[in-house]
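Visitor: Can you read through this structure? Questions will come right after.
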Amino acid sequence: MKKLYFVLIALAAVNIGFAQSDSSRSNIPAPAKKKKDWSKVDIGNRPNDHFLVQIGFDGWSQKPDSIRLKGVSRSLGVYFMLDFPFKTDPRFSVGLGAGISGSSIYFDNMEAQVAGTGNKLVFKDVADTNHFKKNKLTTAYLEA
């Protein structure tokens, strides 16, 4: 019990010690940093083309419990972009490009009725029938 009181008193003394301020120092503010003049920065030698590769993982966060997923669903995207800086201010530019991407979702004994006649995509449970070993839904996008 004595050790606990000693530790509490020591912590209180340290806290009070840090609360003291040094009044002998004058309150001279630090010199302000000079702002960088961005109009003088030369960015003319930067590359104007960009090649991008995107690798990802696909998951459905609010899927119904009647849909069973399995495996790791993957996505891949490849893009090419050209950079066109403004002549009035080359720090700003417009990037134009194109690319293609695709993603795959793997199902566990589920068949996506892609060729169905309804307005909604129906997932049919094929657990007790003859079915393919792997079922996946792939989406591909051509992007501009």
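The opening position of the sequence shown corresponds to residue 9 in the numbering used here, with each subsequent residue numbered one higher. A virtual CB, placed ideally from N, CA and C, is assigned to each residue, including glycine. Keep in mind that this is a model prediction, so the values were computed, not measured.
With which residues is Met-9 paired in a DSSP beta bridge?
Guide: Answer is none; Met-9 lacks a bridge partner.
Visitor: Less than 8 Å between the C-beta atoms of Gly-110 and Ser-69, yes or no?
Guide: No, these two residues do not count as a Cβ contact at 8 Å.
Visitor: Output the distance between the C-alpha atoms of Tyr-114 and Lys-41, rounded to the nearest integer angstrom.
Guide: About 56 Å.
Visitor: Per DSSP, what kind of secondary structure is Gly-124 in: helix, strand or coil?
Guide: Gly-124: coil per DSSP, three-state reduction.
Visitor: What does the alpha-carbon distance come out to for the pair Thr-96 and Val-122?
Guide: Each residue's Cα considered, the two are about 51 Å apart.
Visitor: Within the same chain, show all residues whose beta-carbon is closer than 8 Å to that of Ser-43, passing over the 5 residues directly before and after it, in chain order.
Guide: Looking at the sequence shown, residue 43 is not Ser but Lys. Excluding sequence neighbours, Lys-43 sits near nothing in its chain.
Visitor: Note the first and the last residue of the continuous beta strand (DSSP E) segment covering Leu-129.
Guide: Premise fails: Leu-129 is in no beta strand (DSSP E) and is neither H nor E.
Visitor: According to DSSP, simplified to helix, strand and coil, what is Ile-51?
Guide: It is coil, neither helix nor strand.
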